[in-house]
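Trainee:
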Ligand code: LLP
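In full-length UniProt numbering, the protein residues as written are 5 to 434.
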């Protein structure tokens, strides 16, 4: 937490608004985003591409946090987005997001969703498997439509990260295998499809990655792949997409490199390898999700009950938990929290921050140093902006929290808190 994030009252401030005021006005649990931080992060990813004068796209992987306001924000920044479902695509439509800047991903896109993507003229469909090539071909023929496509490949690189997040290794449910020749067979099929415009190749090697090595290896592999295609089939690639996965700092043990350094390494690798392989430098696309919204997000909770047993680390319970942030329970993800009314206070104890859900595993933070706290105090868990709200559930029939965007001293509600009526809206009586 930096000093600027503490206001004159000594409280946590989120882009110029007192966190206690946010909690009072909108209630807790509340997800608050520092919009300036989101914009800055996008600009940081962009800056190195601009300096290097390469054509590029920063495509926000919207699974990290997808709402109408978020898509509007990316549109304001002239960014691209990835969507992975009809629901994300529909939300982007409701935000009037420019469809030519949408990439549609997924390992099993249903027919109806592919039709929707074709009707909306999305910028590119990321083809994942042979079934999908056939399906899309039939849809395009039926609609007399054309569309840009890219092939997602499995480059055989597994970034060192949590095992749930490994998607680049050969044994992955995503994409065409390169080594066995699958990817080249897929290319031949696509080149034979007059309604498909083959833009290039995509790989995603994992998530929450801290070093550049994996990206450099993936970039080299992708360049080699398209260079082979060029040599053997005369194919001219327009885009190389190295995916997302840029790590962020959740706790003091995390030490990721800066967005600029990731991009720099990727651009250099692509330039060097394409020169070696005598290929024109294609556009370079990246797909950051977590790193765009993660550090900008705060989860505000009100402290309620407390359990103290001699010799056991105390439980301090808050009014949210695994329903609004499943990551600690699902991935043993770690976070840090501060007391909103005195974020810089000296800790006097180490506690567990427990949620309100009926499950022993509903612990948001296992080891949180805190100053003295009492019921009614507000705590802020930091860096919760990615895969928190977007993975939220109604477990135990808890309504999902409200979401506010805060920018330069002004707060705006962008997702209403769910009501009990929302919870039963789809239920039918016997
Ligand atoms: N592109 C593709 C094709 C992806 O599959 C993903 C994430 C991304 C980009 C964005 O990755 P990021 O920059 O956000 O790391 N629920 C997990 C993360 C799952 C990521 C899945 N794919 C979590 O909470 O850690």
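The beta carbon of each residue, even a glycine, is placed where N, CA and C say it ideally should be. A quick note: this is a predicted structure, and the numbers were derived from the prediction, not measured.
With contact counted as at least three CB pairs below 8 Å, one residue from each stretch, are the region 65-77 and the region 380-400 in contact?
Mentor: Contact between the region 65-77 and the region 380-400 is present, because at least three Cβ pairs lie under 8 Å.
Trainee: Between residue 232 and the rest of its own chain, which residues show a CB-CB distance below 8 Å, the 5 nearest in sequence each way excluded?
Mentor: Looking up residue 232 in the chain shown gives position 228. Contacts found: 188.
Trainee: Counting Cβ pairs closer than 8 Å, one from the region 42-54 and one from the region 256-268, do we hit at least three?
Mentor: yes
Trainee: Can you tell me the Cα-Cα spacing of residue 323 and residue 33, whole angstroms?
Mentor: As a working mapping, residue 323 is identified with position 319 in the chain shown. As a working mapping, residue 33 is identified with position 29 in the chain shown. Between residue 323 and residue 33, the C-alpha separation is close to 6 Å.
Trainee: Assign residue 135 to one of two classes, buried (16 or more other C-beta atoms within 10 Å of its C-beta) or exposed (fewer than that).
Mentor: If you number the chain shown from 1, residue 135 lands on position 131. Residue 135 is exposed by the Cβ-count criterion.
Trainee: Taking the alpha helix (DSSP H) that residue 244 falls in, what are its first and last residues?
Mentor: Locating residue 244 in the chain shown gives position 240, counting from the first residue. Taken as a continuous stretch (DSSP letters only), residue 244 belongs to no alpha helix (DSSP H), being part of the beta strand (DSSP E) at 243-245.
Trainee: From residue 17 to residue 277, what distance separates their C-alpha atoms?
Mentor: Stepping through the chain shown from its first residue, residue 17 is reached at position 13. Stepping through the chain shown from its first residue, residue 277 is reached at position 273. Going from the Cα of residue 17 to the Cα of residue 277 covers about 46 Å.
Trainee: Just how far apart, CA to CA, sit residue 282 and residue 82?
Mentor: Translated into positions along the chain shown, residue 282 becomes position 278. Translated into positions along the chain shown, residue 82 becomes position 78. Near 32 Å, if we compare the C-alpha coordinates of residue 82 and residue 282.
Trainee: Tell me, please, which residues DSSP counts as bridged to residue 385.
Mentor: The residue you call residue 385 lines up with position 381 of the chain shown. Paired residues: 303, 341.
Trainee: Helix, strand or coil: how does DSSP classify residue 85 here?
Mentor: Position 81 of the chain shown holds residue 85. Three-state result, residue 85: strand.
Trainee: Drop a sphere of 10 angstroms on the beta-carbon of residue 6, count the other beta-carbons inside from all chains shown, and report buried for 16 or more, exposed for fewer.
Mentor: As a first step, residue 6 must be located in the chain shown, where it is residue number 2. It is exposed - the Cβ of residue 6 has fewer than 16 other Cβ atoms within 10 Å.
Trainee: Pick out the complete alpha helix (DSSP H) segments inside the region 65-131, 4 residues or longer, and give them in chain order.
Mentor: List check, alpha helix (DSSP H) in window: 72-80, 90-98, 115-123.
Trainee: Establish whether the CB of residue 159 and some CB of chain C are separated by less than 9 Å.
Mentor: No chain C appears in the structure shown, which is made up of a single protein chain.
Trainee: Are the beta-carbon atoms belonging to residue 313 and residue 356 less than 9 Å from one another?
Mentor: The residue labelled residue 313 in the question sits at position 309 within the chain shown. The residue labelled residue 356 in the question sits at position 352 within the chain shown. Going by C-beta atoms, residue 313 is not nearer than 9 Å to residue 356.
Trainee: For the region 339-347 and the region 379-391, state whether three or more C-beta atom pairs, one from each stretch, are separated by less than 8 Å.
Mentor: yes
Trainee: For ligand 1, is there a heavy atom less than 8 Å away from the beta-carbon of residue 264?
Mentor: Looking up residue 264 in the chain shown gives position 260. Result no, Cβ not under 8 Å from ligand 1.
Trainee: Taking 9 Å as the threshold (C-beta atoms), are residue 139 and residue 153 in contact?
Mentor: Reading the chain shown from its first residue, position 149 is the one you call residue 153. Reading the chain shown from its first residue, position 135 is the one you call residue 139. No, Cβ-Cβ distance for residue 153 and residue 139 is not below 9 Å.
Trainee: Take residue 438 and list the residues in its own chain whose beta-carbon comes closer than 6 Å to its own, dropping the five residues that flank it on each side.
Mentor: Residue coverage of the chain in this structure runs from 5 to 434, which leaves residue 438 outside it and unanswerable.
Trainee: Mind checking whether residue 368 and residue 351 have CB atoms under 9 Å apart?
Mentor: Position 364 of the chain shown, counted from the first residue, corresponds to residue 368. Position 347 of the chain shown, counted from the first residue, corresponds to residue 351. Cβ distance not < 9 Å, so residue 368 and residue 351 don't count as in contact.
Trainee: Looking at C-alpha atoms only, which residue of 137, 253, 174 is the closest neighbour of residue 196?
Mentor: If you number the chain shown from 1, residue 196 lands on position 192. Checking every option, the nearest Cα to that of residue 196 belongs to 137.
Trainee: Mapping DSSP to helix, strand and coil, what is residue 212?
Mentor: If you number the chain shown from 1, residue 212 lands on position 208. The answer is coil: DSSP assigns residue 212 none of H, G, I, E or B.
Trainee: Taking the Cβ atom as the reference point for each residue, do residue 410 and residue 123 lie within a distance shorter than 9 Å?
Mentor: The residue you call residue 410 lines up with position 406 of the chain shown. The residue you call residue 123 lines up with position 119 of the chain shown. For residue 410 and residue 123, no; Cβs fall outside 9 Å.
Trainee: Leaving out five residues on either side along the sequence, give the residues of the same chain with a beta carbon under 8 Å from the beta carbon of residue 184.
Mentor: Your numbering for residue 184 matches position 180 in the chain shown. Within the same chain, residue 184 has no close Cβ partners at all.
Trainee: Thinking C-beta only, is residue 150 closer than 9 Å to residue 200?
Mentor: As a working mapping, residue 200 is identified with position 196 in the chain shown. As a working mapping, residue 150 is identified with position 146 in the chain shown. Against a cut-off of 9 Å, the Cβ pair of residue 150 and residue 200 comes out as a contact.
Trainee: What are the start and end residues of the beta strand (DSSP E) that includes residue 332?
Mentor: Residue 332 sits at position 328 when you count from the first residue of the chain shown. That residue, residue 332, is in no beta strand (DSSP E); its alpha helix (DSSP H) goes 331-335.
Trainee: Scan the region 222-290 and note each continuous beta strand (DSSP E) run of 3 residues or more that stays entirely inside, going in chain order.
Mentor: Listed in chain order, the complete beta strand (DSSP E) runs (minimum 3 residues) inside the region 222-290 are 243-245, 287-290.
Trainee: Quick check: the Cα distance between residue 63 and residue 432, rounded to an integer number of angstroms?
Mentor: By 1-based counting over the chain shown, the position of residue 63 is 59. By 1-based counting over the chain shown, the position of residue 432 is 428. Taking the straight line from one Cα to the other gives about 40 Å.
Trainee: For residue 198, count the other beta carbons within 10 Å of its own beta carbon; 16 or more makes it buried, fewer makes it exposed. Which is it?
Mentor: Here residue 198 corresponds to residue number 194 of the chain shown, with the count starting at 1. Burial call: exposed.
Trainee: According to DSSP, what are the bridge partners of residue 63?
Mentor: For this step, residue 63 is matched to residue 59 along the chain shown. Partner(s): 84.
Trainee: Our contact map puts residue 344 next to residue 118 with C-beta atoms below 8 Å; I'd like the distance itself, whole angstroms only.
Mentor: Locating residue 344 in the chain shown gives position 340, counting from the first residue. Locating residue 118 in the chain shown gives position 114, counting from the first residue. Contact flag wrong, Cβ pair sits at about 46 Å.
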